[in-house]
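What follows is one structure encoded as structure tokens, with my remarks underneath.
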Amino acid sequence: MASKTEDQILRSRLVAEDRTLKRGLRQLSTMCSRHSRLSPNETQQACQQVLQEVRWFRHTVQAAVQSQRRCIQEIRLYTEQQSALENQISEARAEVARLDDSLEESRNHKRHKIAYDEIAGEANKRPARARLEAEIGEINGDIEQLMQEEASHGAVTHSLHAQYSVVVGELKKLADMSKSALNMQDLGIYLGDGELHAEKTGFEGNPHALADMTPTTLHQPYDSHDDFGTPIEDPDASGEDQSDVCSDAIVAQDNVVDVAGIAVEEEGEEGECGEEEDEEGELLG
295 MASKTEDQIL
305 RSRLVAEDRT
315 LKRGLRQLST
325 MCSRHSRLSP
335 NETQQACQQV
345 LQEVRWFRHT
355 VQAAVQSQRR
365 CIQEIRLYTE
375 QQSALENQIS
385 EARAEVARLD
395 DSLEESRNHK
405 RHKIAYDEIA
415 GEANKRPARA
425 RLEAEIGEIN
435 GDIEQLMQEE
445 ASHGAVTHSL
455 HAQYSVVVGE
465 LKKLADMSKS
475 ALNMQDLGIY
485 LGDGELHAEK
495 TGFEGNPHAL
505 ADMTPTTLHQ
515 PYDSHDDFGT
525 PIEDPDASGE
535 DQSDVCSDAI
545 VAQDNVVDVA
555 GIAVEEEGEE
565 GECGEEEDEE
575 GELLG
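Using my numbering, the first residue of the sequence shown is number 295, and each one after it goes up by one.
Set out below in structure tokens:
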């Protein structure tokens, strides 16, 4: 409503109404057409009315011209105000952008402060820095000590490997010696069986007969068969005589084994005596 009223006022100011001029022209034409019939007073009165209408029209035109001038000034003023308002709007927008940046910065600062407070709370729950550094130093010292122990253990392991190799070699030698001793013991058993067989079969004093005997023949009983290794029954001998002969052979084998064991023990004692003599010589030296 206010905008319509202002538009009507501006239009009324800018537009000069011609009704007054038209009315004055009609009166003037009427007066001219009736001039011969009018009296001087009526003519003068009609002229005054026409002049009054013309004066009113001139006043209206002058008011319109003044309104137009005022409108031009107002337009210039409004243009200046529009420019000022646009400048203010630009400044306000810049201020809004600056405030947005400030608001975002404040929010970031607040978030950072909250995060810092959380981190500080967690940090305060932890031990002090000096204590942590001391613990780290202790751990580093333990690590260095463990590394040194590992190096020493490696050296000890290396030396133990060497000693183990020596022990394995000695065990192999001992196994070879035991094997040779067992072979010697078997040889003694063979010889004892051969002598017993020679005594039973009547080959005693015949070295060629012993030389021709094999280890299988030595281990066979004197009355066994060469192919099957089973005893041949003597029809003249009774069961008791045959059992006595077998028991005598077993006793002879046990005696040979005892003799071989005593020989091995004597060899071990001689070795121990030699080692003791070497140690005493080193001490005396």
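The C-beta atom is built at its ideal place from N, Cα and C for all residues, glycine as well.
How far does the alpha helix (DSSP H) with proline 334 in it reach, from first residue to last? Going by DSSP, proline 334 is part of the alpha helix (DSSP H) stretching over 334-419.
My understanding is that glycine 318 touches glutamate 347, with C-beta atoms under 8 Å, so please give their C-beta distance in whole angstroms. The Cβ separation is near 3 Å, so the contact holds.
Where alanine 449 and asparagine 434 are concerned, what is the direct C-alpha to C-alpha distance, given to the nearest angstrom? Here the C-alpha atom of alanine 449 lies approximately 23 Å from the C-alpha atom of asparagine 434.
Check this for me: beta carbons of glutamine 321 and glutamine 343, under 8 Å apart or not? In this structure, the beta-carbon distance from glutamine 321 to glutamine 343 falls below 8 Å.
Determine the burial state of serine 361: buried for a count of at least 16 other Cβ atoms within 10 Å of its Cβ, exposed for fewer. Under this definition serine 361 is a buried residue.
What separation, rounded to the nearest whole angstrom, lies between the Cα atoms of glutamine 367 and valine 359? The straight-line gap from Cα to Cα measures roughly 12 Å.
Would DSSP call alanine 445 helix, strand or coil? In the structure shown, alanine 445 sits in a helix (DSSP, three-state: H, G or I).
Could you tell me the distance, in whole angstroms, from the CA atom of glutamate 345 to the CA atom of cysteine 365? A quick correction: the sequence has leucine, not glutamate, at residue 345. Annotation: leucine 345 to cysteine 365 spans about 29 Å, alpha carbon to alpha carbon.
Suppose you measure from the CA of alanine 475 to the CA of leucine 468; what does that come to, to the nearest Å? CA-CA distance, alanine 475 to leucine 468, rounds to 10 Å.
Could you tell me the alpha carbon to alpha carbon distance between serine 333 and lysine 316, rounded to whole angstroms? Those two C-alpha atoms are separated by around 24 Å.
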